[in-house]
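Sequence order for the protein chains is A and B.
Going by this note's numbering, the first residue of the first sequence is number 1, and it counts up by one from there.
Going by this note's numbering, the first residue of the second sequence is number 371, and it counts up by one from there.
Glycine residues also receive a C-beta, built at the ideal position from the N, C-alpha and C atoms.
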Amino acid sequence: MKLGSYEVKLEKKLKVAGWEAAAISILAILIALALVSFIFLQAKVNPLIGYKEIFSFAFTNKFGLPLTINRSIFILLCTCAFIVPMKAGLWNIGMAGQLYAGALGAFAVAFAVGAKESPNLTLSSGIVIPLMMVGAMLGGALIGAIPGFLKGSFNTNEIVVTMMLNSITFWLVAYMIKDGGPFMGGGGEGEGYKLPESIFAPQIFGGPFTVLIALGLAAFLYFTFTRSKIGYQIKTFGLSPTAARYAGISSFKIPLLVFIIGGLIAGLAGYHNFAAVPGVYKITQNYGNYGDLSFYGIICGLISQQNPLAAIPIALLFGGLTNGGRYVQGKLKLGFGIDYALLGVLMITLVFFQFFYRYKIVWKKIDKEV
Amino acid sequence: MTNQERKRVDPLPMKETKHGDTVLEARGITKRYPGVVANDHIDFEIKAGEIHAILGENGAGKTTLMKILFGLVQPDEGEIFVFGEKVNFKTPLDAIHLGIGMVHQDRKLIPAHSVLENIILGHPRAGNILDLKTTAEEITGLCDKYGFNLDLKAKVWQLSEGEKQVVEILKALYRGAKILILDEPTSALAPPEIQKLLASIKIMTGDDLALVPFITHKLPIVLTVSNRVTVLRRGKVTGRLQTKDATENSLAMEMVGREVVFRLERVEVDRGKPILQVENLSAINDKGFQALKDISFSVHEGEIFGIAGVSGNGQQVLAEVLAGLRKVLRGKVLLEGIDVTHSSSLDKWLKGMGYIPSERVNVGSISDYSLVDNVLMNYYFDDEFSRWGILDYKKIRKLTEEIISEYGVAVPGPDTAAKSLSGGNLQKVILARVFTRKPRLIIANLPTQGLDVGATEFVQNKLLEAKKEGAGILLISEDLDEVLSLSDRVAPIYEGEFMGIIPVDQASREDIGAMMAGLKHRVAGI
Numbered sequence: 001m002k003l004g005s006y007e008v009k010l011e012k013k014l015k016v017a018g019w020e021a022a023a024i025s026i027l028a029i030l031i032a033l034a035l036v037s038f039i040f041l042q043a044k045v046n047p048l049i050g051y052k053e054i055f056s057f058a059f060t061n062k063f064g065l066p067l068t069i070n071r072s073i074f075i076l077l078c079t080c081a082f083i084v085p086m087k088a089g090l091w092n093i094g095m096a097g098q099l100y101a102g103a104l105g106a107f108a109v110a111f112a113v114g115a116k117e118s119p120n121l122t123l124s125s126g127i128v129i130p131l132m133m134v135g136a137m138l139g140g141a142l143i144g145a146i147p148g149f150l151k152g153s154f155n156t157n158e159i160v161v162t163m164m165l166n167s168i169t170f171w172l173v174a175y176m177i178k179d180g181g182p183f184m185g186g187g188g189e190g191e192g193y194k195l196p197e198s199i200f201a202p203q204i205f206g207g208p209f210t211v212l213i214a215l216g217l218a219a220f221l222y223f224t225f226t227r228s229k230i231g232y233q234i235k236t237f238g239l240s241p242t243a244a245r246y247a248g249i250s251s252f253k254i255p256l257l258v259f260i261i262g263g264l265i266a267g268l269a270g271y272h273n274f275a276a277v278p279g280v281y282k283i284t285q286n287y288g289n290y291g292d293l294s295f296y297g298i299i300c301g302l303i304s305q306q307n308p309l310a311a312i313p314i315a316l317l318f319g320g321l322t323n324g325g326r327y328v329q330g331k332l333k334l335g336f337g338i339d340y341a342l343l344g345v346l347m348i349t350l351v352f353f354q355f356f357y358r359y360k361i362v363w364k365k366i367d368k369e370v
Numbered sequence: 371m372t373n374q375e376r377k378r379v380d381p382l383p384m385k386e387t388k389h390g391d392t393v394l395e396a397r398g399i400t401k402r403y404p405g406v407v408a409n410d411h412i413d414f415e416i417k418a419g420e421i422h423a424i425l426g427e428n429g430a431g432k433t434t435l436m437k438i439l440f441g442l443v444q445p446d447e448g449e450i451f452v453f454g455e456k457v458n459f460k461t462p463l464d465a466i467h468l469g470i471g472m473v474h475q476d477r478k479l480i481p482a483h484s485v486l487e488n489i490i491l492g493h494p495r496a497g498n499i500l501d502l503k504t505t506a507e508e509i510t511g512l513c514d515k516y517g518f519n520l521d522l523k524a525k526v527w528q529l530s531e532g533e534k535q536v537v538e539i540l541k542a543l544y545r546g547a548k549i550l551i552l553d554e555p556t557s558a559l560a561p562p563e564i565q566k567l568l569a570s571i572k573i574m575t576g577d578d579l580a581l582v583p584f585i586t587h588k589l590p591i592v593l594t595v596s597n598r599v600t601v602l603r604r605g606k607v608t609g610r611l612q613t614k615d616a617t618e619n620s621l622a623m624e625m626v627g628r629e630v631v632f633r634l635e636r637v638e639v640d641r642g643k644p645i646l647q648v649e650n651l652s653a654i655n656d657k658g659f660q661a662l663k664d665i666s667f668s669v670h671e672g673e674i675f676g677i678a679g680v681s682g683n684g685q686q687v688l689a690e691v692l693a694g695l696r697k698v699l700r701g702k703v704l705l706e707g708i709d710v711t712h713s714s715s716l717d718k719w720l721k722g723m724g725y726i727p728s729e730r731v732n733v734g735s736i737s738d739y740s741l742v743d744n745v746l747m748n749y750y751f752d753d754e755f756s757r758w759g760i761l762d763y764k765k766i767r768k769l770t771e772e773i774i775s776e777y778g779v780a781v782p783g784p785d786t787a788a789k790s791l792s793g794g795n796l797q798k799v800i801l802a803r804v805f806t807r808k809p810r811l812i813i814a815n816l817p818t819q820g821l822d823v824g825a826t827e828f829v830q831n832k833l834l835e836a837k838k839e840g841a842g843i844l845l846i847s848e849d850l851d852e853v854l855s856l857s858d859r860v861a862p863i864y865e866g867e868f869m870g871i872i873p874v875d876q877a878s879r880e881d882i883g884a885m886m887a888g889l890k891h892r893v894a895g896i
């Protein structure tokens, strides 16, 4: 392309340094914020004040910060649930269904030990809480195993299968908690039964202990994908299924495995959201909103280039913005959906700026032709 | 076509040329890619009625030069003159309008269409209504003139590789090409087809067409057909020769920069016990057709068993079945006496099989991986390289470094990504990775395909070395010379069947060539 006496060309980049990727992401975030400023201006609000409110509520306010952290843990777990199959080149669009199943699994364990009937359990919480987590992981893994199995045996499209399972499990939860379902709560409001206080998830630094699980999991996955044999097999399959077959890597086991692990992690996200976040401790009436929220895991996974450690700050940012955006909407009397607009624009700019991971723009002065 | 019609067709009517006129001239062509100068001030010219071969190893810059001449890539520096006028190609269309035609190595034809339809596809005169009758007559005229024998109504999928090539050539000629660029014109052809093509090429030059074949390694062909040769090495022109002054050795020297041995010393090794036994093996290909029909043979210790055939006759399926990548339909496979008919690929690797796949980039390596990770592909499953599921990267890095130095892989280091390696260097890594495992059975599928002289020589010597060490080697090749010079026994394959199994000292080149084309051998020999 020619611009005046300059020629502008795109050149492919061979490698992107870590700092470069970080700088590109930060630039993308700044541009997204600048773009959303127009929405604030249109509502006759000074954008600087708008952003100050969003960020101060999300990251410094004593009511806002815990919400941000809980939300971020949830998004980080969903991101990990997306990353594991993505490393094998497979798209997990089913974190929603898997986390519903995880929630059902956890509450099924509690139900089995009689938590719905009476607050005084015969088993100690030290046994029930781990069992609930196992239940959540099993529930998620079971739903995850289906697309994995179908992919491995019949090469079925995993995107379609996971999407359909989202719908199936959504209605399964509705069946369980609404209209006289076995997990229905006493209030008759179409929500699940409330856990007895004894089996609330333990807290740490004033927040749920699941923060340790999420951070530990991110670190563990990072290690798995850089050093371990199974991580190597998954990555190899993801980069080239034909080369993986040549190297003796099973094209049945890998899809099954990554979806089981992905589902298991999403199941934990379900446990976190409904059994560990303070003040909830039940499958809420609006559980579908959290299913929708799980899709941010896809965006975080893509932006972080499937690096679980890089996903931590991104999950925190998204958690904070969903939270602060919703708050500022009420506080400054903005139109409905400012939080969605903000996240939407942010996603688009981040995805657009990924372009600069692969290309650089070169300016060259054109010599005047004689 | 009358002159007037031609004028309407071609935006820039070509000048009449006579024999010996310079039709295309390139001056100081330079093209840089990140980290490499692909073309470094290349000067080159071609005259009407001449065959000017461009010779060079992989990575010498042939492909880049070819793309520049055809307008697919724009040079950073340099000028191109066509029929004496300076040109600036932006797209291949510009080059086509000026009478440059290109025959790609990977055919760009539509298999479901007829020959005629393929030829007129995209032709400026083929508007909305096709005048098939006139065009057919014109194309038949071209065929007669240049000695092509082709059924215009045949569908392209029914054609052999050689015939498809002819279609590509006709397509270019029918568009009025005066300068024809041929990319590795003989690489996929059976020996009889090569002879036919060469004869037609000779006739074409008599008509003052200029031909520029780009060739990597078939030196005898260069010597028989070309008038002049330009040799490239590492992006620079290292030699400009009249073919009559050149010999196979002198060309190879120019290309590689050192002396190349053409006669491989075949070591006689006592044939040991059978390592691979195949009994009545049948298998189907991806399309669901039976591609292997009741094949039986055995490969012994210290033996190279060669399978010669034109591509698509079942040898690929055979290699994949033996490597555990494809299901067996019927029959039996024994590896050192153990039944491995239905074993997985991993199981076979662990039992001493080593497979060198023909698709280096898509199967044999992972472009985005470093060399360390690529070497790991054949080692991650060994207990030696992992503990408690954690890979021992120190050990694998050391192995990679050893491979790089022992096999002379030209790379900056073990962390280099596979995608930045040339074909020859990549093949060295794949080969080294397999050989270092000391496999009992080596399945080498087209091990030298697309490699230059130096790398081919290297690979062939490594195969002979492995044979000396007692491995059984199944060599699959489309290059008859290679099969004959390396193998102890040869089995020509045609449509999924062996046409015979012949000890190489009883095999004549002509017989094997005929068997590759489907004629059963007179002498039954197993």
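- With a 10 Å radius around the Cβ and a threshold of 16 neighbouring Cβ atoms, ALA34/A comes out exposed.
- In the three-state DSSP reduction, PHE57/A falls in the helix class (H, G or I).
- Membership of ARG598/B in any alpha helix (DSSP H) is not indicated; the residue belongs instead to the beta strand (DSSP E) covering 598–603.
- Identification of chain A residues near GLY734/B by a Cβ-Cβ cut-off of 9 Å yields ALA243, TYR246, ordered along the chain.
- A distance below 8 Å separates the beta carbons of ALA693/B and ILE813/B.
- Interface annotation, TYR232/A: in contact with chain B, CB-CB separation under 8 Å.
- Along the segment 753–779 of chain B, the positions whose C-beta sits under 8 Å from a C-beta of chain A are SER756, GLY759, ILE760, LEU761, TYR763, read in chain order.
- In this structure the segment 193–209 of chain A lies against the segment 269–289 of chain A, because at least three pairs of beta carbons, one per stretch, are closer than 8 Å.
- Between the beta-carbon of GLN305/A and that of ALA21/A there is about 7 Å, and that keeps the pair under the 8 Å contact cut.
- Inter-residue distance for PHE259/A and CYS78/A is about 13 Å (C-alpha atoms, whole angstroms).
- Sequence-distant partners of LYS523/B (beyond 5 residues in either direction) whose C-beta falls short of 8 Å from its own C-beta, in its chain, are SER484, VAL485, LEU486.
- Restricting attention to ALA678/B, ASN795/B, VAL452/B, the CA atom closest to the CA of SER775/B is found in ASN795/B.
- Residue burial annotation: PRO308/A is buried, with at least 16 other C-beta atoms found within 10 angstroms of its C-beta.
- By the neighbour-count definition (other C-beta atoms within 10 Å, threshold 16), LYS360/A is an exposed residue.
- THR786/B places its beta carbon 8 Å or farther from that of VAL745/B.
- By alpha-carbon distance to GLU420/B, the top candidate from GLY824/B, ILE674/B, TYR763/B, ASP391/B is ASP391/B.
- Legend: CB atoms of the segment 655–680 of chain B lying less than 7 Å from CB atoms of chain A are not found in any residue.
- For LYS364/A, not one C-beta of chain B is nearer than 8 Å to its own C-beta.
- Taking the Cβ atoms as the reference, LEU435/B lies roughly 6 Å from ASN409/B, within the contact range of under 8 Å.
- Distances from the alpha-carbon of LYS832/B to those of VAL874/B, LEU801/B, GLY840/B, LEU704/B put LEU801/B closest.
- Per DSSP, ASP413/B lies in no alpha helix (DSSP H); the unbroken beta strand (DSSP E) holding it starts and ends at 406–417.
- Excluding its 5 nearest sequence neighbours in each direction, LYS194/A has C-beta neighbours in its own chain below 7 Å: GLY185, TYR281, LYS282, listed in chain order.
- A direct Cα-Cα distance of roughly 23 Å separates LYS12/A from GLY89/A.
- Minimum Cα-Cα distance from VAL874/B among the listed residues GLU673/B, HIS467/B, HIS493/B, TRP719/B corresponds to GLU673/B.
- When Cβ-Cβ separations below 8 Å define contact, THR236/A makes contact with chain B.
- Within the same chain, THR556 come within 6 Å of ILE564/B by CB-CB distance, once the 5 residues on both sides are set aside.
- With the criterion set as a beta carbon lying under 9 Å from some beta carbon of chain A, the segment 837–866 of chain B has no members that meet it.
- Not one beta carbon of chain B lies nearer than 8 Å to the beta carbon of LEU10/A.
- The Cβ neighbour count for THR122/A, taken over all protein chains shown within 10 Å, is under 16; the residue is labelled exposed.
- Any Cβ of chain B closer than 8 Å to the Cβ of LEU239/A would place that residue at the interface, and such an atom is present.
- Secondary structure at LYS548/B: coil, using DSSP grouped into helix, strand and coil.
- Think of a sphere of 8 Å around the beta carbon of ARG227/A: the chain B residues whose beta carbon falls inside it are ILE760, LEU761, TYR763, in chain order.
- VAL703/B is the residue among GLY722/B, VAL703/B, GLU839/B whose C-alpha sits nearest the C-alpha of ASP664/B.
- The continuous beta strand (DSSP E) containing VAL860/B extends over residues 859–864.
- Judged by DSSP in its simplified three-state form, ASN650/B adopts strand.
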